[in-house]
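Student: One structure follows; several queries about it will come next.
Protein chains: 2
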Amino acid sequence: MPYIESVGMASDTLSTKDKILQAAAEIAKEVGPVHLSLDAVARRAGLSKGGLLYTFPTKAKLLEALVEQHVSEFDESLRKEEAARNHGPNSVVLACIAVYRAEFLCNEPEPSGILAAIANDPGFLEPIRRYNKQLLQRMRENAEDPTLAMMVFLTIEGLRSLKLFEMGLLSKDEQIAAIDRLKNLFEPADAQTADVPVTA
Amino acid sequence: MPYIESVGMASDTLSTKDKILQAAAEIAKEVGPVHLSLDAVARRAGLSKGGLLYTFPTKAKLLEALVEQHVSEFDESLRKEEAARNHGPNSVVLACIAVYRAEFLCNEPEPSGILAAIANDPGFLEPIRRYNKQLLQRMRENAEDPTLAMMVFLTIEGLRSLKLFEMGLLSKDEQIAAIDRLKNLFEPADAQTADVPVTA
DNA sequence: TTGACATTACCGTCCGGACGGTACAGTACA
DNA sequence: TGTACTGTACCGTCCGGACGGTAATGTCAA
Numbered sequence: 001m002p003y004i005e006s007v008g009m010a011s012d013t014l015s016t017k018d019k020i021l022q023a024a025a026e027i028a029k030e031v032g033p034v035h036l037s038l039d040a041v042a043r044r045a046g047l048s049k050g051g052l053l054y055t056f057p058t059k060a061k062l063l064e065a066l067v068e069q070h071v072s073e074f075d076e077s078l079r080k081e082e083a084a085r086n087h088g089p090n091s092v093v094l095a096c097i098a099v100y101r102a103e104f105l106c107n108e109p110e111p112s113g114i115l116a117a118i119a120n121d122p123g124f125l126e127p128i129r130r131y132n133k134q135l136l137q138r139m140r141e142n143a144e145d146p147t148l149a150m151m152v153f154l155t156i157e158g159l160r161s162l163k164l165f166e167m168g169l170l171s172k173d174e175q176i177a178a179i180d181r182l183k184n185l186f187e188p189a190d191a192q193t194a195d196v197p198v199t200a
Numbered sequence: 001m002p003y004i005e006s007v008g009m010a011s012d013t014l015s016t017k018d019k020i021l022q023a024a025a026e027i028a029k030e031v032g033p034v035h036l037s038l039d040a041v042a043r044r045a046g047l048s049k050g051g052l053l054y055t056f057p058t059k060a061k062l063l064e065a066l067v068e069q070h071v072s073e074f075d076e077s078l079r080k081e082e083a084a085r086n087h088g089p090n091s092v093v094l095a096c097i098a099v100y101r102a103e104f105l106c107n108e109p110e111p112s113g114i115l116a117a118i119a120n121d122p123g124f125l126e127p128i129r130r131y132n133k134q135l136l137q138r139m140r141e142n143a144e145d146p147t148l149a150m151m152v153f154l155t156i157e158g159l160r161s162l163k164l165f166e167m168g169l170l171s172k173d174e175q176i177a178a179i180d181r182l183k184n185l186f187e188p189a190d191a192q193t194a195d196v197p198v199t200a
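Chains as they are written, first to last, in this note's numbering: chain D, 1 to 200; chain L, 1 to 200.
Next up, the structure:
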């Protein structure tokens with residue numbers, strides 16, 4: 001398998017899989033998940049329908065990959081940030097904040113693919129549910145103030161939701177300000193622990 | 001038009017329109033917005049397809065009604081709560097909190113219909129976007145601490161998102177606790193203004 | 001080093017089924 | 001007599017997926 005994979009590649013040099021995933025997300029965003037067709041994805045990704053079905057044997061598999069990609073990318077970033085904080089107290093919450101901060105700073109596209117997957121089959125929510133449950137658990141156990149950790153989780157979830165639906169209510173500065181204010185609840189201004197940006 | 005409308009009616013006594021809307025939301029939740037078909041809606045609502053098309057001449061009109069219903073119901077509750085607070089400082093934020101609190105207390109079904117509408121056509125987001133933009137504006141202008149108001153907005157948005165996707169991460173008690181902690185940021189424990197429950 | 005075969009990565013076509021919407025005749029209630 | 005449907009039949013379109021190719025690349029044995 002010729003797999004050097006997609007991180008930081010230009011649109012041309014993406015692997016076929018990633019080109020397809022990206023195309024699917026774009027189309028879902030443009031015309032709505034309901035009208036996401038394999039033909040359209042194939043066209044956008046620059047291959048034939050046969051080629052698409054070769055890479056993802058069913059539509060469900062494509063959608064599954066869309067969800068999988070999103071969750072695993074986030075988890076990878078999170079683990080890195082946690083490690084950078086030596087897994088100390090509040091490290092999970094702070095790592096979570098850092099990851100979202102980085103996501104907002106670089107222009108990550110909104111995960112329209114997830115919406116498409118869920119729209120096709122609510123069952124795709126299950127892995128996300130499981131992941132979030134476990135994440136929230138870890139945030140609370142690791143935090144000095146569990147309730148506050150929950151509030152952070154909710155606020156970030158709010159920001160995510162706004163982005164998912166492309167609400168465009170807050171400028172980038174305002175979003176960063178909100179995130180930083182969150183961070184200050186855990187790092188009271190002076191006593192900063194480790195503000196090393198591990199951003200990719 | 002025979003319009004006595006639906007508030008607090010039993011499932012049997014709902015108007016045809018509301019029976020259809022409810023059926024559509026249910027089906028969307030169960031099988032996913034993609035597989036929401038007019039035939040299925042008609043069956044669930046207990047009328048023929050002809051009857052359905054008589055009430056909503058196109059699928060788009062049905063979805064539009066779904067969005068419209070959600071936004072206007074929320075706005076109505078919000079205005080009432082604001083009035084109960086005499087439109088004083090922070091009244092918009094507090095009213096917003098109160099409405100969500102009431103929504104969580106009574107077992108409001110999650111607005112799966114909205115998801116269905118958006119999945120069919122992202123254009124349905126526009127009215128929601130407009131409404132939220134204006135709401136956030138009002139919250140900030142009316143609040144003593146605008147940034148804090150924004151945080152409240154985001155947290156509630158997070159709770160909404162969790163509910164929309166039926167994440168089930170937080171128990172009802174935990175959600176109420178989160179909401180009440182938010183409220184305390186504006187009403188510092190002792191100096192309470194007006195805690196009259198205007199719940200329907 | 002060459003011929004035989006395997007694998008990968010596609011292309012193009014076709015089909016059955018589902019869906020949105022139309023049309024229209026009938027009906028029950030008010 | 002009209003409003004609010006029911007029921008059925010039907011049309012055109014679109015979509016997922018199966019299938020049969022095929023060109024390029026690699027592998028290995030004689």
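The C-beta atom is built at its ideal place from N, Cα and C for all residues, glycine as well.
Model, not experiment: these values are computed from the prediction.
How about L:Ala98: is its C-beta nearer than 7 Å to some C-beta of chain D?
Tutor: With 7 Å as the cut-off, L:Ala98 does not count as an interface residue toward chain D.
Student: With distance defined between alpha-carbon atoms, name the residue in D:Ser91, D:Glu73, D:Ser72 nearest to D:Glu81.
Tutor: Out of D:Ser91, D:Glu73, D:Ser72, D:Ser91 has the C-alpha closest to the C-alpha of D:Glu81.
Student: When Cβ atoms are compared, which residues of the segment 120 to 136 of chain D fall closer than 7 Å to chain L?
Tutor: Listed by position along the chain: Asn120, Asp121, Pro122, Leu125, Arg129, Asn132, Lys133, Leu136.
Student: Going by DSSP in three states, D:Gly168 sits in which element: helix, strand or coil?
Tutor: It is coil, neither helix nor strand.
Student: Return the first residue and the last residue of the alpha helix (DSSP H) that D:Val93 is part of.
Tutor: Here the alpha helix (DSSP H) through D:Val93 covers 91 to 105.
Student: Can you tell me where the alpha helix (DSSP H) holding D:Phe124 begins and where it ends?
Tutor: It is not in any alpha helix (DSSP H) - D:Phe124 carries neither H nor E in the DSSP assignment.
Student: Is there contact here, the segment 140 to 153 of chain L with the segment 132 to 146 of chain D, by at least three beta-carbon pairs under 8 Å?
Tutor: No, they do not touch.
Student: Does the Cβ-Cβ distance between D:Val67 and D:Ala116 come in under 7 Å?
Tutor: It is not a contact, given that the beta carbons lie outside the stated cut-off.
Student: Work out the CA separation of D:Phe165 and D:Ala23 for me, nearest whole Å.
Tutor: If you take the alpha carbons of D:Ala23 and D:Phe165, they lie about 18 Å apart.
Student: Using a Cβ-Cβ distance under 7 Å, would L:Glu5 count as near chain D?
Tutor: The predicted model places L:Glu5 with a pLDDT of 36, which falls under 50 and marks its position as unreliable; any figure quoted below should be read in that light. It does not; no Cβ of chain D falls within 7 Å.
Student: With a CB to CB cut of under 6 Å and the five nearest residues on each side skipped, what residues in its chain are close to D:Ala194?
Tutor: Since pLDDT at D:Ala194 reaches only 42, below the 50 mark, its modelled position is unreliable, and the value read off the structure follows with that caveat. For D:Ala194, where only same-chain residues beyond five positions count, the Cβ hits under 6 Å are Arg85.
Student: Taking one C-beta from the segment 155 to 172 of chain L and one from the segment 96 to 115 of chain L each time, how about it: are there three or more such pairs within less than 8 Å?
Tutor: Verdict: yes, contact present.
Student: Contact check, L:Gly205 vs L:Ala42 under 8 Å by CB: the rounded distance?
Tutor: The displayed coordinates of chain L run from 1 to 200. Any statement about residue 205 of chain L would go beyond what the structure contains.
Student: Taking the Cβ atom as the reference point for each residue, do L:Gln175 and L:Phe104 lie within a distance shorter than 7 Å?
Tutor: Yes; because the gap between Cβ atoms is below 7 Å, this pair is in contact.
Student: DSSP three-state call for L:Gly50: helix, strand or coil?
Tutor: Three-state result, L:Gly50: helix.
Student: Name the two residues that bound the continuous alpha helix (DSSP H) containing L:Ser37.
Tutor: No alpha helix (DSSP H) holds L:Ser37; DSSP gives it neither H nor E.
Student: Tell me whether D:Ala98 is buried or exposed, calling it buried when 16 or more other Cβ atoms sit within 10 Å of its Cβ.
Tutor: Flag for D:Ala98 reads buried.
Student: Compare the C-beta of L:Leu94 with all C-beta atoms of chain D and state if any pair is closer than 7 Å.
Tutor: Chain D contact via Cβ: absent.
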